[in-house]
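Its first residue numbered 0, the sequence shown is counted upward by one per residue in numbering that gives the first Met the number 0. By construction, the Cβ of each residue, glycine as well, lies at the ideal position given by its N, Cα and C atoms. It should be emphasised that the depicted structure is a prediction, and the values quoted were computed from it without experimental measurement.
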Amino acid sequence: MKKEYTIGVLVENKSGVLAHIAGLFSGRGFNIQELSVGETELPEYSRMTIVVKGDDQVVEQIKKQLNKFIDVIKVIDLTNTPSVHREITLMKIKIPPIKRQEIFQIVDVFKGKVIDISRETLTLEITGTTAKIEAVIDILKPYGIHEIARTGRVSISRGLTRIGGIGNG
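Quick look at the structure:
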């Protein structure tokens, strides 16, 4: 049975590493559902959060393959590890001025922000769990979502647990 996995990967921050890792997934017929990459507290390392659907056996094999890459420092399956997950979504709503107050109220309930206003559109920023983002999208669909840009999940383990044990602390 396929389920969703969130995998954290600490890698060396250098050219070609992302392509190499993405190639591992595509070479095994996996579609990466979400991918976010950014520099860590130490600029020589990047942290990747990869969300993929699969079965336990295949995902376990991918984690083993990732650990064999020279540029990979550490792989951690965050799926069942106490973790914090967030995503940022920018959403453009095409809406007449007379209906805007309704959007302002919805955005306020979800603790989002209106970050741009034009004559024809409102641009919103929503930050939260994937479930929260999906809920906002469902509620705003009837108003006419013109465009969406999503970062994908960014995840980090809770407490003092670190993905890589690098640096001080």
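What distance in whole Å lies between the Cβ atoms of residue j and residue i, which are believed to be in contact at a cut-off of 8 Å?
| i | j | result |
| --- | --- | --- |
| Val-50 | Gln-32 | 5 Å |
| Ile-94 | Gly-26 | Contact doesn't hold; Cβ gap of about 44 Å is too wide. |
| His-145 | Lys-91 | 4 Å |
| Gly-7 | Leu-77 | 5 Å |
| Ile-114 | Glu-124 | 5 Å |
| Ser-156 | Ile-75 | 7 Å |
| Leu-89 | Thr-122 | 6 Å |
Buried or exposed for residue i, going by 16 or more other Cβ atoms inside 10 Å?
| i | result |
| --- | --- |
| Thr-5 | buried |
| Gly-111 | buried |
| Glu-40 | exposed |
| Glu-59 | exposed |
Can you tell me where the alpha helix (DSSP H) with residue i in it begins and where it stops?
| i | result |
| --- | --- |
| Lys-67 | 55-67 |
| Arg-99 | 99-108 |
| Glu-133 | 129-139 |
Using alpha carbons as the reference points, say which of the options lies closest to residue i.
| i | options | result |
| --- | --- | --- |
| Val-16 | Asp-115, Val-36, Pro-81 and Ile-102 | Val-36 |
| Arg-152 | Glu-133, Leu-159 and Phe-109 | Glu-133 |
| Arg-149 | Leu-159, Lys-131 and Arg-157 | Lys-131 |
| Asp-107 | Ser-117, Glu-119, Pro-96 and Thr-126 | Thr-126 |
| Arg-118 | Asp-137, Lys-110, Lys-98 and Thr-88 | Lys-98 |
| Lys-67 | Thr-120, Leu-23, Asn-79 and Ser-14 | Leu-23 |
| Ile-105 | Met-47, Asp-137 and Asn-79 | Asp-137 |
| His-84 | Ile-75, Ile-72 and Thr-129 | Thr-129 |
Using a Cβ-Cβ cut-off of 7 Å (strictly less than) and excluding sequence neighbours within five positions of residue i, which residues of its own chain qualify?
| i | result |
| --- | --- |
| Pro-42 | Asn-12 |
| Asn-167 | A caution first: Asn-167 carries a pLDDT of 49, below 50, which makes its placement in the model unreliable, though a value can still be read off. Around Asn-167: no qualifying Cβ. |
| Glu-38 | Asn-12 and Ser-45 |
Who are the near neighbours of residue i in its chain, counting only those whose CB is closer than 8 Å to its CB and skipping five residues on each side?
| i | result |
| --- | --- |
| Gln-100 | none |
| Gly-53 | Lys-1, Lys-2, Tyr-4, Phe-29 and Ile-61 |
| Val-57 | Arg-27 and Phe-29 |
Locate the beta strand (DSSP E) running through residue i, then write down its first and last residues.
| i | result |
| --- | --- |
| Ser-117 | Where Ser-117 is concerned, there is no enclosing beta strand (DSSP E), given that its DSSP letter is neither H nor E. |
| Leu-9 | 2-11 |
| Leu-89 | 82-93 |
| Gly-37 | 31-38 |
| Ser-14 | That residue, Ser-14, is in no beta strand (DSSP E); it is neither H nor E in DSSP. |
| Glu-43 | No beta strand (DSSP E) contains Glu-43, which DSSP labels as neither H nor E. |
| Asp-76 | 71-76 |
Between which residues of its own chain and residue i is the CB-CB distance below 6 Å, once the five residues before and five after are set aside?
| i | result |
| --- | --- |
| Asp-70 | Val-10, Glu-11 and Val-16 |
| Ile-87 | Thr-126 and Thr-150 |
| Ile-147 | Met-90 |
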